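Below: one structure, written as structure tokens.
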Amino acid sequence: MQIRTLLAGSAMLAVLAGCAAGTSQQGQPGASEQAEQPTVYSGTLPCRSCDGIDLEVQLMGDEDATADERTFELQAEYRNHPENPPAEEYNGQWDVIDGTAKDPEATVYELTPNGEGQIYYFQKLDANTLELIDPQLRRFENGETLRLQRQQ
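In mature numbering (1 follows the signal peptide of the UniProt record, and there is no 0), the protein residues as written are -20 to -1, 1 to 132.
Have a look at this one:
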């Protein structure tokens, strides 16, 4: 079962990508180690037919970077799924959207996969927390179960 199918179904109950580090500046004097590394968020999202979906999102570039510099990788693995699906990986571009349906000051990251795959929306709650929200930019009632935490 592919994650986009599972996630689309889970969206009705609880659907399942930040503050990013600078872009890679290899070879440039003074480039910080942090600027060369992606910002990584991870967490376990609910799953109807398994013990959870381990999700990791790596964001390259920062909010002020050009669109070409803002890329992402999203990896999902199912825990104890009866069909034992393989891990899934998506990559593409991410963008910043200002405001949500209820909070015009909110920051939302829109992750658009290359090729097939659904677009993911994550609201930035703080520098260390992203929460998956729906395509209409609304938070889910059980949003606390849809959060990813920044990894150090």
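Even glycine gets a Cβ: it sits at the ideal position worked out from N, Cα and C.
All figures in this text were calculated on a predicted structure; none of them were measured in a lab.
For residue 117, the secondary structure class from DSSP, reduced to helix, strand or coil, is coil. Counted as a single uninterrupted DSSP element, the beta strand (DSSP E) harbouring residue 72 occupies residues 68 to 78. Check the Cα spacing between residue 105 and each of 55, 66, 89, 99: the tightest is with 89. Comparing alpha carbon positions, the residue from 57, 103, 59, 66 closest to residue 79 is 103. Of all C-beta pairs linking the region 81 to 96 to the region 56 to 69, fewer than three are shorter than 8 Å, placing the two stretches out of contact. For residue 93, the enclosing beta strand (DSSP E) starts and ends at 87 to 93. For residue 32, the enclosing beta strand (DSSP E) stretches over residues 32 to 40.
In the displayed model, residue 23 falls within a strand according to three-state DSSP. Beyond the five residues adjoining it in sequence on each side, residue 31 comes within less than 6 Å, by CB distance, of 59, 60 in the same chain, given in chain order. Each residue's CA atom was taken as its position, placing residue 66 and residue 99 some 20 Å apart. Only residues of its own chain outside the window of five on either side were considered, and among them 129, 130 have a CB closer than 7 Å to the CB of residue 108, listed in chain order.
A distance below 8 Å between beta-carbons, with the five flanking residues on each side excluded, links residue 75 to the following residues of its chain, in chain order: 47, 50, 89, 90, 92.
The three-state secondary structure of residue 81, taken from DSSP, is coil.
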